[in-house]
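Per my numbering, residue 147 is the first one in the sequence shown, and the count goes up by one each step.
These notes are about the structure you will find just below.
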Amino acid sequence: MAANHLLLHPNCIPTKFLPFERKFSLSKTQYRRCNIQVPVPRLLRCVAATNVSDHATVLRNEEKPTNIWVYDYIQSLSSEYAGESHVKQQDKLIGEVRSILDNLVNPLEKLEAIDVLQRLGISYHFKDEIKRMLDDAYNENVAGNDTLRKKHNLYATAIEFRLLRQHGYDVSTDAFNSFRDEVGNFKSGNTDNIRGMLSLYEASYLSVAVTHGLEIPLHWRLLRLEARWFIDMYERSPNVNPILLDLAKLDFNIVQAIHQEDLKQSSSWWMSTGLDKLSFARDRLMECFFSAVGMTYEPYLGDCRKIIAVLIEVITVIDDVYDAHGTLEQLELFTEAMDRWDVNLMDNLPDYMKIYFFALNEFENKIASDILNKKGINMIPFVKKAWTDYFKASLVEAQWYFSEHTPTLQEHLANTWISTSLGILLVHAFFSLANPITKEALDCLEQCPDVIRCAGTIMRLSDDLNTSLSVPLQSSVT
């Protein structure tokens, strides 16, 4: 129900950790395997019952998928780039790059610098400089000053549009009108401008999806893999800046060392829950951590990254319970117990559900205690509501399955956007990242604005599409 869209394909090859001095590369095959949205094959399937009464007892699980990662090996990971000497070298290079940015005058060169910083994965060091340059570009855009001579430069127009849209500026697509003919098609001369058309293609995905032969638009790519790939490309560029290149390589290895340490802590945290011992559940912490890195790669977001990694795995386990392992009676009792968050209601449930309840309770209390100490906010009421909504939505889908009910599209979308677990992820990310946490923000979170519902619906439809393409449907709800 929930976790397939969050897990990456188990055969995804992680970027190899390489020394700063060594020239490194990521093959096109490796890059595509990690970036293309690969549907996760369902290793659990529904077994048809011979009659309706059989639905009360049939267990729909098959054998537990093998975990290909060895946690003892993960704990042994180490890196020379975790040392202070590399951080000092990094700080020196950051200062040199700041000087370069401060001396830029040409508007197009400023935009190109922002684009390169983002693709190299080092833009988070220069947020103030980037904001200042984008503010200048936006103000010129609003004033109607054609400082980029954009009227005759598709590349400049497209890169400005894309960067401003990426950073939340309200810019109109009217900027492209001068490149269109009377019927709205792009003039033939523009199609010969490969650089401009590629930039236009990347910009177009920030407004509406278009049919195009290119496989991976820029905003679909995982930022760390894109940085790893782009470092190689930038190194071959005739306009390469050696200071930028040195910083990008060093920063990549330092950040990777931080991610390795976060992974070690996440794996220890996960094993401490005891949920990895459940015989039926998918143990996919590495894939979950990789997904968390895709959401929050910046080194200073380590707390959020570790929470999200373990949280996705915790969701994956209960997803297997509702999808494939629990009987309807067990699921109804479990949902009621979780609704009340009452351990006394666990007496009549199987041991694995009790283990899950205590593990989840301990997991959430630890996070809530840290948030309370750091930010003075009790997140437990918000967390309980998010989990309760998720459990109830998952139960509805289980009831559809056991009663052999095929929901209408409206029924399906009204319920299953919740079972994507987006609400749970957002609540944890919000309390981990927001500082300060305002009353207005809490009220907005509690009301569940349309943007959350729409995002959940997109996740649901994406998951449904991947499921339908990867395996034949075995039941009315997957």
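No residue lacks a Cβ here, since even glycine has one placed at the ideal position from N, Cα and C.
Note down, in chain order, each residue of its chain lying with its Cβ closer than 7 Å to the Cβ of H405, except the 5 sequence neighbours on either side.
As a position in the sequence shown, residue 405 is number 259, starting the count at 1. Only V439 meet the Cβ criterion.
Near R244, what residues of its chain come up, given a Cβ to Cβ distance below 8 Å and the 5 sequence neighbours on each side ignored?
As a position in the sequence shown, residue 244 is number 98, starting the count at 1. Cβ within range, chain order: F272 and E275.
Out of H574, L555 and I464, state which residue places its alpha-carbon closest to the alpha-carbon of A544.
The residue given as residue 544 occupies position 398 in the sequence shown. Checked all of H574, L555 and I464; the closest Cα to A544 is I464.
Looking only at its chain, what residues have a beta carbon closer than 6 Å to the beta carbon of T566, apart from the 5 residues adjacent to it on each side?
What you label residue 566 is simply residue 420 of the sequence shown in a count that begins at 1. Closer than 6 Å at Cβ, skipping near neighbours: A148, G602, M605 and R606.
If you check the beta carbons only, do I305 and L457 fall under 8 Å apart?
Counting from one through the sequence shown, the residue named residue 305 turns up at place 159. Counting from one through the sequence shown, the residue named residue 457 turns up at place 311. Cβ atoms of I305 and L457: not closer than 8 Å.
Grab me the residues of Y217's own chain with a C-beta within less than 7 Å of its C-beta, minus the 5 sequence neighbours each way, in chain order.
The residue given as residue 217 occupies position 71 in the sequence shown. Excluding sequence neighbours, Y217 sits near S413 and M417.
Roughly how many angstroms lie between the CA atoms of W533 and N612, to the nearest whole one?
To locate residue 533, count along the sequence shown from 1; it is residue 387. To locate residue 612, count along the sequence shown from 1; it is residue 466. Approximately 25 Å between the Cα atoms of the pair.
Among the residues of its own chain, which have a CB less than 6 Å from the CB of L421, if the five just before and after it don't count?
Start at 1 with the first residue of the sequence shown, and residue 421 comes out as number 275. Closer than 6 Å at Cβ, skipping near neighbours: V463 and A505.
Which residues in the same chain as A483 place their Cβ atom closer than 6 Å to its Cβ, once the five residues preceding and following it in sequence are excluded?
Position 337 of the sequence shown, counting from 1, holds the residue named residue 483. The answer, listed in chain order, is L491 and M492.
First and last residue of the alpha helix (DSSP H) that includes P388?
As a working note, residue 388 is residue 242 in the sequence shown. Here the alpha helix (DSSP H) through P388 covers P388 to T419.
With a threshold of 8 Å between beta carbons, is A427 in contact with chain C?
Here there is only one protein chain, and chain C is not present.
Thinking just about the alpha-carbon of each residue, which of Q221, N331 and A283 is nearest to the one in L310?
On the sequence shown, position 164 is the one that residue 310 refers to. The shortest C-alpha separation from L310 is found at A283.
Within 10 Å of its beta-carbon, does Y219 have 16 or more other beta-carbons around it, so buried, or fewer, so exposed?
In the sequence shown, counting from the first residue as 1, residue 219 sits at position 73. Burial call: exposed.
Do you know offhand how far C594's Cα is from F436's?
For the purposes of this step, residue 594 is taken as the residue at position 448 of the sequence shown. For the purposes of this step, residue 436 is taken as the residue at position 290 of the sequence shown. Whole-angstrom Cα-Cα distance: 27 Å.
Smallest Cα separation from V262: which of R382, L390 and R486?
Within the sequence shown, the letter at position 116 stands for residue 262. The shortest C-alpha separation from V262 is found at L390.
Where does the unbroken alpha helix (DSSP H) through D248 begin, and where does it stop?
For the purposes of this step, residue 248 is identified with residue 102 of the sequence shown, where counting begins at 1. It spans E230 to D248 - the alpha helix (DSSP H) in which D248 sits, taken as one unbroken run.
Do A321 and F307 have their CB atoms nearer than 8 Å?
For the purposes of this step, residue 321 is taken as residue 175 along the sequence shown, with counting starting at 1. For the purposes of this step, residue 307 is taken as residue 161 along the sequence shown, with counting starting at 1. Taking 8 Å as the Cβ cut-off, A321 and F307 qualify as a contacting pair.
Work out the CA separation of A302 and T481 for me, nearest whole Å.
On the sequence shown, position 335 is the one that residue 481 refers to. On the sequence shown, position 156 is the one that residue 302 refers to. Rounded to the nearest angstrom, the two C-alpha atoms are 55 Å apart.
Just to confirm before moving on: does the CB-CB distance between F644 and L254 stay below 8 Å?
The shown model of the chain, from 147 to 624, leaves out residue 644, and the question about it has no answer.
Within 10 angstroms of the Cβ of G402, are there 16 or more other Cβ atoms? Answer buried if so, exposed if not.
As a first step, residue 402 must be located in the sequence shown, where it is residue number 256. Here residue 402 is Gln; the residue named in the question, Gly, does not match the sequence. With 16 or more Cβ atoms within 10 Å of its Cβ, Q402 is classed as buried.
Can you list, in chain order, the residues of its chain with a C-beta nearer than 8 Å to that of W563? Leave out the 5 residues immediately preceding and following it.
Along the sequence shown, one-based indexing puts residue 563 at 417. R599, G602, T603, M605 and R606.
How big is the Cα-Cα spacing for S608 and Q235?
Here the question's residue 608 lines up with position 462 in the sequence shown. Here the question's residue 235 lines up with position 89 in the sequence shown. Going from the Cα of S608 to the Cα of Q235 covers about 43 Å.
Would Y468 pass as a contact of S578 if the rule is Cβ separation under 8 Å?
In the sequence shown, counting from the first residue as 1, residue 468 sits at position 322. In the sequence shown, counting from the first residue as 1, residue 578 sits at position 432. Going by C-beta atoms, Y468 is not nearer than 8 Å to S578.
State the start and end residues of the unbroken alpha helix (DSSP H) segment that holds P527.
As a working mapping, residue 527 is identified with position 381 in the sequence shown. Per DSSP, P527 belongs to the alpha helix (DSSP H) from I526 to F548.
If you drop the 5 nearest sequence neighbours on each side, which residues of the same chain put their C-beta closer than 6 Å to that of D610?
As a working note, residue 610 is residue 464 in the sequence shown. Answer for D610: no residue qualifies.
Which of the three DSSP states is assigned to Y505 in this structure?
Here residue 505 is taken as the residue at index 359 of the sequence shown, counted from 1. Checking the displayed sequence, the identity of residue 505 turns out to be Ala instead of Tyr. Looking at A505 - three-state DSSP - the assignment turns out to be helix.
Could you check whether I454 and A575 sit closer than 8 Å to each other, using their CB atoms as the reference points?
Counting from one through the sequence shown, the residue named residue 575 turns up at place 429. Counting from one through the sequence shown, the residue named residue 454 turns up at place 308. Taking 8 Å as the Cβ cut-off, A575 and I454 qualify as a contacting pair.
Quick one: what does DSSP say M519 is sitting in, helix, strand or coil?
One-based indexing of the sequence shown puts residue 519 at position 373. Going by the sequence as given, residue 519 is Asn instead of Met. If DSSP states are grouped into helix, strand and coil, N519 belongs with the helices.
Would you mind sorting D497 into buried or exposed? The rule is 16 or more other CB atoms within 10 Å of its CB.
Looking up residue 497 in the sequence shown gives position 351. Exposed is the call here.
By Cβ distance below 6 Å, which residues in the same chain neighbour I240 in space, the five residues on each side in sequence not counted?
Along the sequence shown, one-based indexing puts residue 240 at 94. Answer for I240: H271, listed in chain order.
How long is the line joining the alpha carbons of E478 and F509, rounded to whole angstroms?
Within the sequence shown, residue 478 is the residue found at index 332, counting from 1. Within the sequence shown, residue 509 is the residue found at index 363, counting from 1. Going from the Cα of E478 to the Cα of F509 covers about 23 Å.
How big is the Cα-Cα spacing for R486 and C590?
Locating residue 486 in the sequence shown gives position 340, counting from the first residue. Locating residue 590 in the sequence shown gives position 444, counting from the first residue. Answer to the nearest angstrom: the Cα atoms are 24 Å apart.
Compute the beta-carbon to beta-carbon distance between R451 and D408, rounded to the nearest angstrom, for a pair I have assumed lies under 8 Å.
Reading the sequence shown from its first residue, position 305 is the one you call residue 451. Reading the sequence shown from its first residue, position 262 is the one you call residue 408. Right, the Cβ-Cβ distance comes to about 6 Å (below 8 Å), so this counts as a contact.
Between L223 and K410, how many whole angstroms is the CB-CB distance? I'm expecting something under 8 Å.
In the sequence shown, counting from the first residue as 1, residue 223 sits at position 77. In the sequence shown, counting from the first residue as 1, residue 410 sits at position 264. Rounded, the Cβ-Cβ distance is 6 Å, consistent with contact.
Which residue from F537, H313 and L300 puts its Cα closest to that of R326?
The residue labelled residue 326 in the question sits at position 180 within the sequence shown. With distances taken between Cα atoms, R326 lies closest to L300.
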